[in-house]
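In terms of my numbering, the sequence shown opens at residue 59 and continues consecutively.
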Amino acid sequence: MTTLEAAAPPAAPVPVAAAAAARFTGSRPAFTRLMIRGAVLQAVTLGIYRFWLITDVRRFLWANTEIDGDSLDYTGTATELLIGFLFALAILVPIYVLFFIAGLELGLYSQLAGAAAFAFLTLFGQYALYRARRYRLTRTVYRGIRFHQDGSAFVYAARTFAWAFPVVLTLGLAYPFAQASLERYKVGHTLYGDLRGRFAGSGSRLFGRGLFMWVLTVGPLIAAVGLSAAGIDWAAFADDIARDRFDDLDQAVAVHPGLATFTVLVPGAFSWSLLAALILYPAFQGMVLKWWLAGLRFGEVRVATSLRKRQLYGAYLRFVLLSVAITLLLAIAATIIVLAAGGSFAAMADMGRVSAQIGIGLAVVGFYLGIALTIWVVWQVAVKLAIWRMTVDSVTLENFSTIALVRSGGEAASAIGEGLADALGSGGF
């Protein structure tokens, strides 16, 4: 070391803002091209290309998500996902075979095998999701420091399974408390380097915000069932059913007039509940997403968000309008093609009835596949990308300067969890 080097002052640390804004810089046309290419290649490769598509999409989203001027980096590879999926199949196929053989037995054992299979796959699915989350976090890097996750996937799966019973029994009223409990476990076992996360969201706060939506959606159905059931002598009705006294519903209604109310009110209320759920879903999703973001903590760093429910309504409305317009355009194009190819169809008919049926069948399959792939691309762009963009752009990280003190930690996790989630139908970008 020279005298000048020894006397030189140490390099100044990179300044970190006290509060940092996040922003998404990705282009919608670029993402659309990525999804169109992915949809076509998935169709050509019978779905095998999805591992490369998932990797490309994550790299696009991560690389265009900036915090304080620096973007995230996704380091996972498609080969990892493919190998993880193959390992998952090696684990799951023998299990599926055992459940299938057990289900061949008639009677009580078959029913028990079916119930056991459902419970096992539900529990195992949550285990896989936790492992998949661990993989994605360990492939996410910010400013050279890796995210990672500890904790037990078995414990998380058991907690999820245990919370399912009160959620079902209360018709969803326990959902906010279940979500708060599960997020406390997930975020509490999430780390950025050596900086551990925690979740400060309150289940009671989410309950209070969502109670009105629950009343609008589920309340009419409960009221209809209660009012209708009160006018029926269920003991007498059950006895008549046991004695097989009714040939059709009209006879049952004649003997038990309360059934008429039941058969009108309950289906009507159920239809209302479905309609209300569809209309209120964007508001519900926005409420939960905003609650989740506001509850995130990493040490002294906390997340603030300006997300609005109307933004989600705009994304879903664009998807519906685009889907309808594209479907109509494709239908018109198909009609024109059919009319223009009338002579070709006649020629095929002359060649033979089987050949004509095969040609028409392939054309119909191609038409519906085209619609399905097109709407899938529209969904990814109009809804998924839009929600990612609006979520990122709404976020501000307070006390962000403490990030400068974070040290590296954690190791890369295997992709088997991601493969299990994919094999169980729970995978995603």
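We put the beta carbon where it would ideally sit given N, CA and C, even for glycine.
Lys244 vs Phe265 beta-carbon contact at 9 angstroms:
No; because the gap between Cβ atoms is not below 9 angstroms, this pair is not in contact.
Do you know how far the Cα of Phe176 is from the Cα of Ala546?
Residue coverage of the chain in this structure runs from 59 to 487, which leaves residue 546 outside it and unanswerable.
Same chain, Cβ closer than 6 angstroms to Tyr233, neighbours up to 5 away in sequence not counted
If we look at Tyr233 and ignore the five residues flanking it on each side, its Cβ neighbours are Val225.
Cβ-based neighbour list, Ser239, same chain, cut-off 8 angstroms, excluding 5 preceding and 5 following:
Arg217, Trp221 and Gly261
Quick check: does the Cβ of Ile290 come within less than 8 angstroms of any heavy atom belonging to the ligand GTP?
The ligand content of the structure shown is nil, which means the ligand GTP is not present either.
Report the rounded CA-to-CA distance for Ala236 versus Ile395, giving the unit in angstroms.
53 angstroms
Just checking, does the stretch 434-447 make contact with the stretch 104-112 on the three C-beta pairs under 8 angstroms criterion?
no
Can you tell me whether DSSP reads Ile94 as helix, strand or coil?
Under the three-state reduction of DSSP output, Ile94 falls in the helix class.
Name the DSSP beta bridge partners of Glu358, please?
Paired residues: none, contrary to the question.
Which residues mark the beginning and the end of the alpha helix (DSSP H) in which Gln237 is found?
Tyr233 to Gly246
Do the stretch 384-393 and the stretch 438-455 touch if we need at least three Cβ pairs shorter than 8 angstroms?
Of all C-beta pairs linking the stretch 384-393 to the stretch 438-455, fewer than three are shorter than 8 angstroms, placing the two stretches out of contact.
Near Gly467, what residues of its chain come up, given a Cβ to Cβ distance below 6 angstroms and the 5 sequence neighbours on each side ignored?
Gly251 and Asp252
DSSP bridge partner residues for Gly255 (one or two, in chain order):
Phe356
Could you tell me the boundaries of the alpha helix (DSSP H) in which Val276 lies?
Gly261 to Ala288
Got a sec, what are the start and stop residues for the beta strand (DSSP E) Ile125 sits in?
Where Ile125 is concerned, the enclosing beta strand (DSSP E) starts and stops at Thr123 to Ile125.
Quickly, what does DSSP pair Thr198 with across the bridge? List them, please.
Tyr132
Report yes if the CB atom of Ser329 is closer than 9 angstroms to the CB atom of Thr275, and no otherwise.
no
Rounded to whole angstroms, what's the CA-CA distance from Ile125 to Arg81? Just pull it up for me.
7 angstroms
Which of the three DSSP states, helix, strand or coil, is assigned to Ala80?
Three-state DSSP puts Ala80 in a strand.
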